[in-house]
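Q:
Residue numbers (the numbering used here), protein chains in the order written: chain A, 1 to 177; chain B, 1001 to 1318.
1) Put residue 1231 of chain B into one of helix, strand or coil per three-state DSSP.
2) Terminal residues of the continuous alpha helix (DSSP H) containing residue 1040 of chain B?
3) Does the separation of the CB atoms of residue 139 of chain A and residue 149 of chain A fall below 8 Å?
4) Residue 1081 of chain B touches chain A at which residues, Cβ-Cβ below 8 Å?
5) Spell out the partners DSSP gives residue 1111 of chain B in its beta bridges.
6) Is the shortest distance between the beta-carbon of residue 18 of chain A and the beta-carbons of chain B less than 8 Å?
7) Does chain A have any CB closer than 8 Å to the CB of residue 1311 of chain B?
8) Kindly list, in the order they appear in chain A, the residues whose Cβ is closer than 8 Å to that of residue 1074 of chain B.
9) Does chain A have any CB closer than 8 Å to the CB of residue 1249 of chain B?
10) Kindly say whether residue 164 of chain A, judged by its beta-carbon, lies nearer than 8 Å to any beta-carbon of chain B.
11) Between the beta-carbon of residue 1161 of chain B and the beta-carbon of residue 1110 of chain B, is there less than 8 Å?
12) What did DSSP end up calling residue 1274 of chain B once you bin it into helix, strand or coil?
13) Leaving out five residues before and five after residue 1296 of chain B in sequence, what residues of the same chain have Cβ atoms less than 8 Å from its Cβ?
14) How many angstroms separate the CA atom of residue 196 of chain A from the CA atom of residue 151 of chain A?
15) Under 7 Å Cβ-Cβ, which residues of chain A neighbour residue 1236 of chain B?
16) Please report whether the beta-carbon of residue 74 of chain A lies at a distance below 8 Å from any beta-carbon of chain B.
17) Residues of chain A with a CB under 9 Å from the CB of residue 1130 of chain B: which are they?
18) Classify residue 1002 of chain B: buried if its beta carbon has 16 or more other beta carbons within 10 angstroms, exposed otherwise.
19) Do residue 167 of chain A and residue 1047 of chain B count as a contact pair if the criterion is CB distance below 8 Å?
20) Excluding five sequence neighbours on each side, which residues of the same chain lie with their C-beta closer than 8 Å to the C-beta of residue 1036 of chain B?
21) Return the first residue and the last residue of the beta strand (DSSP E) that residue 1090 of chain B is part of.
22) Using the Cα positions of residue 48 of chain A and residue 1294 of chain B, report the straight-line distance between them to the nearest angstrom.
23) Taking the alpha carbon of residue 1312 of chain B as the reference point, which residue from B:1287, B:1164, B:1272 has its own alpha carbon closest?
24) What does residue 22 of chain A reach in chain B if we use C-beta pairs closer than 8 Å?
25) So the candidates are A:31, A:22, A:120; which of them puts its Cα closest to the Cα of residue 186 of chain A?
26) So, is residue 1124 of chain B buried or exposed, given that buried needs 16 or more other C-beta atoms within 10 angstroms?
27) Secondary structure at residue 135 of chain A, three-state DSSP: helix, strand or coil?
28) Using 8 Å for Cβ pairs, my map puts residue 1100 of chain B next to residue 1112 of chain B. What's the rounded Cβ distance?
29) If you compare alpha carbons, which of B:1169, B:1102, B:1159, B:1154 is closest to residue 1136 of chain B?
30) Beta-carbon of residue 1047 of chain B versus every beta-carbon of chain A: anything under 8 Å?
31) Identify, in the order they occur along the chain, each residue of the same chain with its Cβ nearer than 7 Å to the Cβ of residue 1154 of chain B, setting aside the five sequence neighbours on each side.
32) Return the CA-CA distance between residue 1211 of chain B and residue 1177 of chain B, expressed in angstroms with no decimal places.
33) Out of B:1213, B:1080, B:1170, point me to the one whose CA is closest to residue 1122 of chain B's CA.
34) Say whether the segment 1166-1177 of chain B touches the segment 1240-1247 of chain B, bearing in mind that this needs 3 or more beta-carbon pairs closer than 8 Å, one atom from each stretch.
35) Counting contacts by CB-CB distance shorter than 8 Å, is residue 125 of chain A in contact with chain B?
36) Would you list the residues sitting across from residue 1290 of chain B in a DSSP beta bridge?
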């Protein structure tokens, strides 16, 4: 079976998924500018490969896999990981992170967590983001990262441990609970 | 009842329990342990708080993460890619096997092909790996071509996509050549003159040699200054003869030149056409003339018989 290649069918896919993939890539790359480029590239590749995609494929998971691949290669190619770390470290000197005191600072807490996410190794960062932000199942995450669902889950849990640890370390007013 | 698990034993399960992803046994073990261990209870509590914070990430706005611009650029790129996507079909015709390829904008390539391999190499040049065979999509174009080649039609109404032409110069040559009427011929020098570059006869010949759209851009109607047919689509001069004969241009079966004395003559932009002996026409270079094989085709483009040589009263011998 050949997919409908009229503009409309793919247009609908762009409309449904671009914003989410872009958001994912901001976290996966830690840089909005890179996310702009990579989100475009994700959909350009998807467009070219779309014709051959089986009709029962999960389009959303497939797009995440393309985006994940691109961002991994992007890091490998440009060695930007270190730069992202530097940016992150710089961020922390201006803004202390600690366990939240209440709902009122929930957004600040998100910013802190995002900083910690940015410091994770790529696989953990991507797995965490796909699972916890975009709520993909472990099979889909495993396909994106070219590993088993079990390993994908291990990456997510490892990320959670590190983030928890990170919040602890940064807790400037840490008190016994 | 089993012993209560130790801190070390429950540690790996704390994350899973907080995330709601632990199995029944692990959950129970953790519950029993934290009932008696304050530090692990706190730890589990922190993981639960963290789960709550993490779930906020789904809703929280991300600074600097506006996808609007990226989306707009993406739409533009996709539109461009879409417009360059090529579908093609390969068909049999009175001129042999013909490859026809088109984009969203129009027919982009016509090629005489000897084999599928040669077809593929032509396509690769045109569209990289993105050409898709789709005979049904090209079928209406092919039908029209068949009508033309079987003399049921004298024009092809295709929209053309000339983005694959090699240069602006070639596009100008092709545009002027496309104006040559059915049943008429002009010389390479004539085309050079019409694009305002009378010295570029060789370049014109070269541009037509690489005409991506033969038949519909009638390079077969362009001949040498002596009336020689010169070349066509490589070594397919027989096809040039075939097309010219189809259009009523007298080409002898064994000759490879056109006899201008057997053609009606028109000098653009006159409104009349003549017999070749009219006035000083026979002394003029072919570059200044357009020749018609028949009065019918000259009159089909709105020309009238010359009022002095009267081709209507004194037609050329058929």
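Backbone N, C-alpha and C define an ideal beta-carbon position, used for all residues, glycine too. Values in this document were obtained by computation on a predicted structure and should not be read as measured data.
A: So, from the data block:
1) Your numbering for residue 1231 of chain B matches position 231 in the second chain. If DSSP states are grouped into helix, strand and coil, residue 1231 of chain B belongs with coil.
2) Position 40 of the second chain, counted from the start, is the residue given in the question as residue 1040 of chain B. Taken as a continuous stretch (DSSP letters only), the alpha helix (DSSP H) holding residue 1040 of chain B covers 1038-1056.
3) Reading the first chain from its first residue, position 139 is the one you call residue 139 of chain A. Reading the first chain from its first residue, position 149 is the one you call residue 149 of chain A. Cβ atoms of residue 139 of chain A and residue 149 of chain A: closer than 8 Å.
4) Counting from one through the second chain, the residue named residue 1081 of chain B turns up at place 81. Near residue 1081 of chain B (Cβ distances below 8 Å), the residues of chain A are 44, 47, 48.
5) Your numbering for residue 1111 of chain B matches position 111 in the second chain. Per DSSP, B:1099.
6) For the purposes of this step, residue 18 of chain A is identified with residue 18 of the first chain, where counting begins at 1. Cβ-Cβ to chain B under 8 Å: yes for residue 18 of chain A.
7) As a first step, residue 1311 of chain B is located in the second chain; it is residue number 311 there, counting from the start. Output row for residue 1311 of chain B: interface = no.
8) As a working note, residue 1074 of chain B is residue 74 in the second chain. Here the neighbours are 14, 18, 39, 40, 43, 44.
9) By one-based count along the second chain, residue 1249 of chain B stands at place 249. Residue 1249 of chain B does not count as touching chain A.
10) Taking the first chain and counting its residues from 1, one reaches residue 164 of chain A at position 164. Closer than 8 Å to some Cβ of chain B, the Cβ of residue 164 of chain A qualifies, so yes.
11) Counting from 1 along the second chain, the entry for residue 1161 of chain B is found at position 161. Counting from 1 along the second chain, the entry for residue 1110 of chain B is found at position 110. Cβ atoms of residue 1161 of chain B and residue 1110 of chain B: not closer than 8 Å.
12) Within the second chain, residue 1274 of chain B is the residue found at index 274, counting from 1. Here residue 1274 of chain B sits in strand by DSSP.
13) On the second chain, position 296 is the one that residue 1296 of chain B refers to. Once the five neighbours on either side are set aside, the close Cβ partners of residue 1296 of chain B are 1183, 1248.
14) The displayed coordinates of chain A run from 1 to 177. Any statement about residue 196 of chain A would go beyond what the structure contains.
15) Working through the second chain from its first residue, we reach residue 1236 of chain B at position 236. Within 7 Å Cβ-Cβ: nothing; residue 1236 of chain B doesn't reach chain A, min ~34 Å.
16) Position 74 of the first chain, counted from the start, is the residue given in the question as residue 74 of chain A. It does not: the Cβ of residue 74 of chain A has no partner Cβ on chain B nearer than 8 Å.
17) Numbered from 1 along the second chain, position 130 holds the residue referred to as residue 1130 of chain B. Those within 9 Å of residue 1130 of chain B in chain A are 48.
18) Translated into positions along the second chain, residue 1002 of chain B becomes position 2. Under this definition residue 1002 of chain B is an exposed residue.
19) As a position in the second chain, residue 1047 of chain B is number 47, starting the count at 1. As a position in the first chain, residue 167 of chain A is number 167, starting the count at 1. Their beta carbons are not under 8 Å apart, which means residue 1047 of chain B does not touch residue 167 of chain A by this criterion.
20) The count along the second chain starts at 1 and reaches residue 1036 of chain B at position 36. Cβ within range, chain order: 1004.
21) Along the second chain, read from residue 1 onward, the residue named residue 1090 of chain B stands at position 90. Counting along the chain, the beta strand (DSSP E) containing residue 1090 of chain B begins and ends at 1087-1093.
22) To locate residue 48 of chain A, count along the first chain from 1; it is residue 48. To locate residue 1294 of chain B, count along the second chain from 1; it is residue 294. Their Cα atoms are separated by approximately 51 Å.
23) The residue labelled residue 1312 of chain B in the question sits at position 312 within the second chain. The shortest C-alpha separation from residue 1312 of chain B is found at B:1272.
24) Taking the first chain and counting its residues from 1, one reaches residue 22 of chain A at position 22. The contacting residues are 1065, 1067, 1070, 1071.
25) For residue 186 of chain A there is no data in the structure shown, the boundaries of chain A being 1 and 177.
26) Locating residue 1124 of chain B in the second chain gives position 124, where the first residue counts as 1. Answer is exposed; the Cβ neighbour count stays below 16.
27) Here residue 135 of chain A refers to the residue found at position 135 of the first chain. Note: residue 135 of chain A maps to coil in three-state DSSP.
28) By one-based count along the second chain, residue 1100 of chain B stands at place 100. By one-based count along the second chain, residue 1112 of chain B stands at place 112. In fact, because the Cβ distance is near 11 Å, the residues do not count as touching under 8 Å.
29) Position 136 of the second chain holds residue 1136 of chain B. That would be B:1102, whose Cα lies nearest to the Cα of residue 1136 of chain B.
30) Against the second chain, residue 1047 of chain B aligns to sequence position 47. Yes, residue 1047 of chain B counts as interfacial toward chain A.
31) Taking the second chain and counting its residues from 1, one reaches residue 1154 of chain B at position 154. Contacts found: 1182.
32) Looking up residue 1211 of chain B in the second chain gives position 211. Looking up residue 1177 of chain B in the second chain gives position 177. Their backbone Cα atoms lie some 10 Å apart in a straight line.
33) Here residue 1122 of chain B refers to the residue found at position 122 when the second chain is read from its first residue. Among B:1213, B:1080, B:1170, the Cα nearest to that of residue 1122 of chain B is on B:1213.
34) no
35) The residue labelled residue 125 of chain A in the question sits at position 125 within the first chain. False, the Cβ-Cβ gap to chain B never drops below 8 Å.
36) Translated into the one-based positions of the second chain, residue 1290 of chain B becomes position 290. DSSP, once it has assigned bridges, lists B:1266 as partnering residue 1290 of chain B.
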